[in-house]
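Undergrad:
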Amino acid sequence: MLRMVMTAGAGLAALVLAGCNDEGKMATGTPVAGGASATAMLATATGAPVGRATATDVAGGVRFTIDATGMPPGTHGAHVHMVGRCDAPDFASAGGHWNPTGMKHGAMNPQGPHQGDLPNLVIANDGRGTIAATIPGATLTALMDADGAAMVIHAQPDDLKTDPSGNSGGRIACGVFQPS
(Lines of atoms letter the chains of each structure in order from A and count residues from 1; the text may use other names and numbers.)
(Lines give C-alpha, C1' and ligand atoms only; values in the text may rest on other atoms or scores of the structure.)
Protein backbone atom coordinates (compact mmCIF):
# COMPACT_ATOMS: atom_id res chain seq x y z
CA MET A 1 0.00 0.00 0.00
CA LEU A 2 2.81 2.40 0.86
CA ARG A 3 4.43 1.63 -2.54
CA MET A 4 1.09 2.53 -4.29
CA VAL A 5 0.85 5.82 -2.43
CA MET A 6 4.47 6.69 -3.25
CA THR A 7 3.95 5.76 -6.91
CA ALA A 8 0.78 7.83 -7.12
CA GLY A 9 2.56 10.74 -5.43
CA ALA A 10 5.47 10.52 -7.87
CA GLY A 11 3.01 10.44 -10.81
CA LEU A 12 1.21 13.50 -9.50
CA ALA A 13 4.52 15.34 -9.05
CA ALA A 14 5.47 14.47 -12.64
CA LEU A 15 2.18 15.88 -13.92
CA VAL A 16 2.65 19.10 -11.97
CA LEU A 17 6.21 19.50 -13.26
CA ALA A 18 5.09 18.77 -16.82
CA GLY A 19 2.53 21.55 -16.48
CA CYS A 20 5.31 23.93 -15.46
CA ASN A 21 7.09 23.30 -18.76
CA ASP A 22 4.13 24.95 -20.54
CA GLU A 23 3.85 27.76 -18.01
CA GLY A 24 4.76 30.46 -20.55
CA LYS A 25 2.43 29.06 -23.22
CA MET A 26 -1.18 30.03 -22.65
CA ALA A 27 -3.92 28.72 -24.90
CA THR A 28 -4.91 31.07 -27.73
CA GLY A 29 -7.67 33.36 -26.52
CA THR A 30 -6.69 33.32 -22.84
CA PRO A 31 -6.98 36.84 -21.38
CA VAL A 32 -3.65 38.59 -20.83
CA ALA A 33 -3.29 40.66 -17.67
CA GLY A 34 -2.93 44.30 -18.68
CA GLY A 35 -3.46 43.49 -22.38
CA ALA A 36 -4.07 46.43 -24.69
CA SER A 37 -7.56 47.12 -26.06
CA ALA A 38 -9.37 49.41 -28.47
CA THR A 39 -13.04 50.37 -28.77
CA ALA A 40 -15.13 51.43 -31.76
CA MET A 41 -18.49 53.10 -31.22
CA LEU A 42 -20.75 51.89 -34.05
CA ALA A 43 -23.10 54.31 -35.81
CA THR A 44 -25.27 54.41 -38.92
CA ALA A 45 -24.68 56.81 -41.83
CA THR A 46 -27.05 59.28 -40.13
CA GLY A 47 -24.97 59.14 -36.94
CA ALA A 48 -27.42 57.06 -34.89
CA PRO A 49 -25.52 54.98 -32.31
CA VAL A 50 -26.00 51.23 -32.80
CA GLY A 51 -23.47 49.58 -30.51
CA ARG A 52 -19.86 49.03 -29.67
CA ALA A 53 -17.01 46.84 -30.89
CA THR A 54 -13.92 46.02 -28.86
CA ALA A 55 -10.57 44.53 -29.78
CA THR A 56 -8.48 43.08 -26.97
CA ASP A 57 -5.04 41.47 -26.96
CA VAL A 58 -5.31 37.88 -25.76
CA ALA A 59 -2.78 35.05 -25.76
CA GLY A 60 -1.95 34.23 -29.38
CA GLY A 61 -4.27 36.76 -31.02
CA VAL A 62 -6.91 39.47 -30.74
CA ARG A 63 -10.45 38.96 -29.43
CA PHE A 64 -13.13 41.01 -31.16
CA THR A 65 -16.57 41.54 -29.63
CA ILE A 66 -19.59 43.37 -31.00
CA ASP A 67 -22.56 44.42 -28.87
CA ALA A 68 -25.18 45.87 -31.21
CA THR A 69 -28.46 47.63 -30.44
CA GLY A 70 -31.05 49.29 -32.67
CA MET A 71 -29.99 47.44 -35.80
CA PRO A 72 -32.23 45.85 -38.44
CA PRO A 73 -33.15 42.25 -37.57
CA GLY A 74 -31.42 39.54 -39.57
CA THR A 75 -27.95 38.25 -40.31
CA HIS A 76 -25.19 40.73 -41.14
CA GLY A 77 -21.57 40.43 -42.21
CA ALA A 78 -19.18 41.90 -39.65
CA HIS A 79 -15.63 42.77 -40.63
CA VAL A 80 -12.63 44.67 -39.41
CA HIS A 81 -11.64 47.15 -42.13
CA MET A 82 -8.13 48.43 -42.72
CA VAL A 83 -8.62 52.22 -42.43
CA GLY A 84 -9.83 54.06 -39.35
CA ARG A 85 -12.39 56.23 -41.13
CA CYS A 86 -16.18 56.03 -41.29
CA ASP A 87 -17.32 58.73 -43.70
CA ALA A 88 -21.04 58.68 -44.53
CA PRO A 89 -23.02 57.79 -46.48
CA ASP A 90 -21.42 54.48 -47.49
CA PHE A 91 -18.37 54.13 -45.20
CA ALA A 92 -16.17 53.38 -48.24
CA SER A 93 -13.47 55.41 -46.49
CA ALA A 94 -12.89 52.38 -44.19
CA GLY A 95 -11.25 50.62 -47.14
CA GLY A 96 -11.21 46.88 -47.60
CA HIS A 97 -11.03 44.14 -45.00
CA TRP A 98 -8.06 44.12 -42.66
CA ASN A 99 -5.82 41.52 -44.28
CA PRO A 100 -2.19 41.80 -43.13
CA THR A 101 -1.49 38.16 -44.07
CA GLY A 102 -2.70 38.48 -47.70
CA MET A 103 -5.31 35.71 -47.52
CA LYS A 104 -8.57 35.38 -49.47
CA HIS A 105 -11.93 36.16 -47.84
CA GLY A 106 -13.85 33.76 -45.65
CA ALA A 107 -13.48 30.92 -43.19
CA MET A 108 -14.96 28.52 -45.78
CA ASN A 109 -12.48 29.61 -48.48
CA PRO A 110 -9.52 27.19 -48.65
CA GLN A 111 -7.25 30.23 -49.18
CA GLY A 112 -8.77 32.27 -46.35
CA PRO A 113 -9.64 33.91 -44.10
CA HIS A 114 -8.60 37.55 -43.80
CA GLN A 115 -7.75 38.51 -40.23
CA GLY A 116 -10.63 40.98 -40.50
CA ASP A 117 -13.22 38.26 -41.20
CA LEU A 118 -15.55 37.70 -38.27
CA PRO A 119 -18.58 35.45 -37.88
CA ASN A 120 -21.94 36.82 -38.99
CA LEU A 121 -23.75 39.07 -36.55
CA VAL A 122 -27.30 37.89 -35.94
CA ILE A 123 -29.66 40.66 -34.86
CA ALA A 124 -32.86 39.60 -33.08
CA ASN A 125 -36.26 41.22 -33.59
CA ASP A 126 -35.49 43.61 -30.70
CA GLY A 127 -32.51 45.03 -32.65
CA ARG A 128 -29.87 43.43 -30.42
CA GLY A 129 -27.04 41.06 -31.25
CA THR A 130 -23.65 40.03 -29.94
CA ILE A 131 -20.68 38.15 -31.34
CA ALA A 132 -17.21 37.39 -30.04
CA ALA A 133 -14.34 35.81 -31.92
CA THR A 134 -10.62 35.41 -31.40
CA ILE A 135 -8.42 35.83 -34.47
CA PRO A 136 -5.27 33.74 -33.95
CA GLY A 137 -2.02 35.42 -34.93
CA ALA A 138 -3.54 38.92 -35.05
CA THR A 139 -2.02 41.71 -32.97
CA LEU A 140 -3.49 44.94 -31.73
CA THR A 141 -0.25 46.69 -32.71
CA ALA A 142 -0.80 45.68 -36.35
CA LEU A 143 -4.47 46.67 -36.16
CA MET A 144 -3.74 50.10 -34.74
CA ASP A 145 -1.21 51.12 -37.40
CA ALA A 146 -0.74 54.69 -38.70
CA ASP A 147 -4.14 54.85 -40.45
CA GLY A 148 -6.05 52.89 -37.79
CA ALA A 149 -8.89 50.44 -38.37
CA ALA A 150 -12.69 50.33 -38.33
CA MET A 151 -15.43 47.83 -37.57
CA VAL A 152 -18.07 47.64 -40.29
CA ILE A 153 -21.47 45.92 -40.22
CA HIS A 154 -22.95 45.01 -43.60
CA ALA A 155 -26.56 44.83 -44.80
CA GLN A 156 -26.47 41.15 -45.83
CA PRO A 157 -25.07 37.91 -44.40
CA ASP A 158 -21.47 37.04 -45.23
CA ASP A 159 -21.34 33.80 -47.27
CA LEU A 160 -17.93 33.17 -45.63
CA LYS A 161 -16.21 32.29 -48.92
CA THR A 162 -16.55 34.83 -51.74
CA ASP A 163 -13.55 37.11 -52.11
CA PRO A 164 -13.21 39.98 -51.31
CA SER A 165 -16.20 40.58 -48.98
CA GLY A 166 -18.46 37.53 -48.82
CA ASN A 167 -21.28 39.12 -50.84
CA SER A 168 -22.31 40.87 -47.63
CA GLY A 169 -23.83 43.93 -49.28
CA GLY A 170 -23.65 47.58 -48.35
CA ARG A 171 -22.12 48.98 -45.20
CA ILE A 172 -24.82 49.99 -42.71
CA ALA A 173 -22.81 50.76 -39.56
CA CYS A 174 -19.23 51.72 -38.86
CA GLY A 175 -16.98 52.65 -35.94
CA VAL A 176 -13.32 53.70 -35.73
CA PHE A 177 -11.17 51.83 -33.20
CA GLN A 178 -9.65 54.07 -30.54
CA PRO A 179 -7.18 52.84 -27.88
CA SER A 180 -8.93 52.32 -24.56
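Taken in order, the sequence shown gives residues -18 to -1, 1 to 162; the numbers are from mature numbering (1 follows the signal peptide of the UniProt record, and there is no 0).
For every residue, glycine included, the Cβ atom is placed at its ideal position computed from N, Cα and C.
#1: According to DSSP, simplified to helix, strand and coil, what is alanine 35?
#2: Sort out for me which residues DSSP pairs residue 200 with in a bridge.
#3: Locate the alpha helix (DSSP H) running through threonine 123, then write down its first and last residues.
#4: Could you spell out the range, first to last residue, of the beta strand (DSSP E) harbouring serine 19?
#5: Could you round the C-beta distance between alanine 35 and alanine 22 to whole angstroms and report it? I think they count as a contact, below 8 Å.
#6: Classify alanine 76 as helix, strand or coil using the three-state DSSP reduction.
#7: Give the straight-line distance between the Cα atoms of valine 44 and glycine 148, rounded to the nearest whole angstrom.
#8: Give every residue of the same chain whose Cβ lies closer than 8 Å to the Cβ of alanine 25, excluding the five residues on either side of it in the sequence, and list them in chain order.
#9: Between which two residues does the beta strand (DSSP E) holding valine 44 run?
#10: What would DSSP say about arginine 153, mapped onto helix, strand or coil?
#11: Who pairs with glutamine 160 in a beta bridge, going by DSSP?
#12: Please state whether the Cβ-Cβ distance between leucine 142 and alanine 89 is less than 7 Å.
#13: Based on the DSSP output, what are the partners of aspartate 69 in its beta bridges?
#14: Cα separation between histidine 61 and aspartate 108?
#15: Among Thr144, Pro101, Thr121, which one has its Cα closest to the Cα of glycine 59?
#16: Could you give the distance in angstroms between the alpha-carbon of valine 104 and the alpha-carbon of isoleucine 113?
#17: Determine the burial state of valine 14: buried for a count of at least 16 other Cβ atoms within 10 Å of its Cβ, exposed for fewer.
#18: Within a Cβ cutoff of 7 Å, which residues of the same chain sit near glycine 66, ignoring the five residues on either side of it in sequence?
#19: What's the C-alpha gap between glutamate 5 and valine 40?
TA: Answer, in terms of the structure:
#1: Judged by DSSP in its simplified three-state form, alanine 35 adopts strand.
#2: Nothing in the structure corresponds to residue 200, since the chain is present only between -18 and 162.
#3: In the DSSP annotation of this structure, the continuous segment of the alpha helix (DSSP H) that includes threonine 123 starts and ends at 122 to 125.
#4: For serine 19, the enclosing beta strand (DSSP E) stretches over residues 19 to 25.
#5: Under the criterion of beta carbons closer than 8 Å, alanine 35 and alanine 22 qualify as touching, at roughly 4 Å.
#6: Alanine 76: helix per DSSP, three-state reduction.
#7: Valine 44 and glycine 148 have their alpha carbons spaced roughly 22 Å apart.
#8: Cβ neighbours of alanine 25 within its own chain (closer than 8 Å, five residues either side excluded): Pro31, Val32, Cys68, Ala155, Cys156, Gly157.
#9: Under the DSSP assignment, valine 44 falls in the beta strand (DSSP E) whose first and last residues are 43 to 50.
#10: It is a strand residue.
#11: BP columns for glutamine 160 point to Thr21.
#12: Their beta carbons are under 7 Å apart, which means leucine 142 touches alanine 89 by this criterion.
#13: According to DSSP, aspartate 69 bridges with nothing at all.
#14: Computed Cα separation, rounded: 22 Å.
#15: Ranked by how close their Cα comes to the Cα of glycine 59, the residues Thr144, Pro101, Thr121 have Pro101 in first place.
#16: So the two alpha carbons sit approximately 8 Å from each other.
#17: Exposed: under 16 other Cβ atoms inside 10 Å.
#18: Non-local beta-carbon contacts of glycine 66 in its own chain, meaning distances under 7 Å to residues more than five positions away in sequence, involve Asp129, Gly130, Ala131, Ala132, Val158, Phe159 in chain order.
#19: The predicted model places glutamate 5 with a pLDDT of 46, which falls under 50 and marks its position as unreliable; any figure quoted below should be read in that light. Their backbone Cα atoms lie some 16 Å apart in a straight line.
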